[in-house]
Amino acid sequence: MVADALSELHAKKAAARAAGTDVPDLETVICGRNRLESGSMLAWAKAFSLHTGVREVKMVQNGIRTEGTVHLISDGLRHAKGLRVLDLQDNLFTILGARALAKAVTGWEDIEEIGASDTLWGARGGVVLATALAGGKNKKLHTLRMQYNDINAKGLKALTETIKLALPAMKRVELNGNKFSEDDLSLLELRELLEERKEKFAGDVVIEDDWGIDELDELDSDEEEEEEEEEEEEEAEERREKLIEEQEEAQEEPVIQKKDKEVDELAEALAKKVEI
1 MVADALSELH AKKAAARAAG TDVPDLETVI CGRNRLESGS MLAWAKAFSL HTGVREVKMV
61 QNGIRTEGTV HLISDGLRHA KGLRVLDLQD NLFTILGARA LAKAVTGWED IEEIGASDTL
121 WGARGGVVLA TALAGGKNKK LHTLRMQYND INAKGLKALT ETIKLALPAM KRVELNGNKF
181 SEDDLSLLEL RELLEERKEK FAGDVVIEDD WGIDELDELD SDEEEEEEEE EEEEEAEERR
241 EKLIEEQEEA QEEPVIQKKD KEVDELAEAL AKKVEI
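According to the working numbering, the stretch in the sequence shown is residues 1 to 276, in order.
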């Protein structure tokens with residue numbers, strides 16, 4: 001209902017503008033902890049595809065599953081070219097949602113904050129997003145929240161390199177609950193980099209929670225278990241993706257009527273009547 005109301009709001013704004021009235025864009029949508037779930041995401045995607053001037057979207061803890069997350073981002077939020085703040089914490093992404101986010105983020109040149117903690121995008125998801133951000137189109141991005149996402153040492157390394165080379169405004173990264181060691185060299189490098197930026201750009205009044213890395217008191221640093229889980233996850237994800245592709249292809253194929261004995265007999269009978 002809320003999403004449909006936003007679509008109706010857009011229609012009324014469009015009518016008012018057509019009549020010569022100066023009407024501002026919808027800029028902020030905050031709808032968290034409302035169990036929106038995946039079923040409503042088509043309506044939400046439509047609303048965001050209309051309200052392309054939205055700047056801040058926070059939809060945390062809504063029980064959105066992977067397919068809903070993909071719809072929301074790919075069919076809706078990607079149209080919001082002026083988006084500055086996005087928080088989808090505690091909704092399910094998996095690698096498919098991470099890929100959708102990675103595709104969309106290259107079009108958000110004004111994005112400043114991305115919150116995607118507790119979204120379970122897996123080891124590959126961290127690499128996918130880091131690779132997208134490495135394109136250099138998100139110069140204003142200063143905060144990344146990616147806790148409890150199974151990001152491993154490989155993903156951390158990719159993220160650190162991206163922040164160093166392509167994200168000059170980055171000052172805060174939240175990574176607790178992921179799968180790498182607190183002694184990881186990439187983590188040490190990232191910590192030093194953000195500390196240097198704080199000393200250079202923070203000014204006289206420093207809000208510590210706006211800078212650096214969060215407290216890492218729940219890291220999973222068992223490398224052997226991590227590698228095994230990553231391999232199992234990749235294999236399972238490949239199977240899921242293949243199944244989804246097969247289902248999509250099956251839906252696109254034209255339905256072919258199967259000819260059985262009854263159909264053949266009926267056709268012959270009709271043909272005889274036509275001849276008579």
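No residue lacks a Cβ here, since even glycine has one placed at the ideal position from N, Cα and C. Remember, it's a predicted structure, so these values are computed and weren't measured experimentally.
- Runs of the beta strand (DSSP E) lying entirely within the stretch 48 to 133, each at least 3 residues long, are 56 to 58, 85 to 87, 113 to 115 in chain order.
- Cα atoms of G212 and R191: separation of roughly 6 Å, rounded to the nearest angstrom.
- The continuous stretches of alpha helix (DSSP H) do not include R145, which lies in the beta strand (DSSP E) extending over residues 143 to 145.
- Residues of the same chain with a CB within less than 7 Å of the CB of R197, apart from the 5 flanking positions on each side, are K171 in chain order.
- For G39, the secondary structure class from DSSP, reduced to helix, strand or coil, is helix.
- Distances from the CA of W121 to each of A102, S49, L50, A5 were compared; the closest alpha carbon is that of A102.
- In this structure, the alpha-carbon of E195 lies about 12 Å from that of V173.
- Nearest to S40 by C-alpha distance, out of K13, G76, E215, is G76.
- Looking at the backbone, the Cα of T66 and that of D220 are separated by about 24 Å.
- DSSP, read as helix, strand or coil, puts E27 in coil.
- The Cβ atoms of G115 and L133 do not sit closer than 8 Å to each other.
- In this model, T21 and E27 are separated by some 18 Å (Cα to Cα).
- Counting only residues of its own chain and dropping the five nearest sequence neighbours on each side, D210 has a CB closer than 7 Å to the CB of K171, R172.
- The beta carbon of L42 is closer than 7 Å to those of H71 in its chain, skipping five residues each way along the sequence.
- Here the C-alpha atom of P24 lies approximately 15 Å from the C-alpha atom of A80.
- For F201, same chain residues with a beta-carbon under 8 Å away, outside a window of 5 residues either side, are K171 in chain order.
- Boundaries of the alpha helix (DSSP H) harbouring E8: 2 to 18, taken from the DSSP string.
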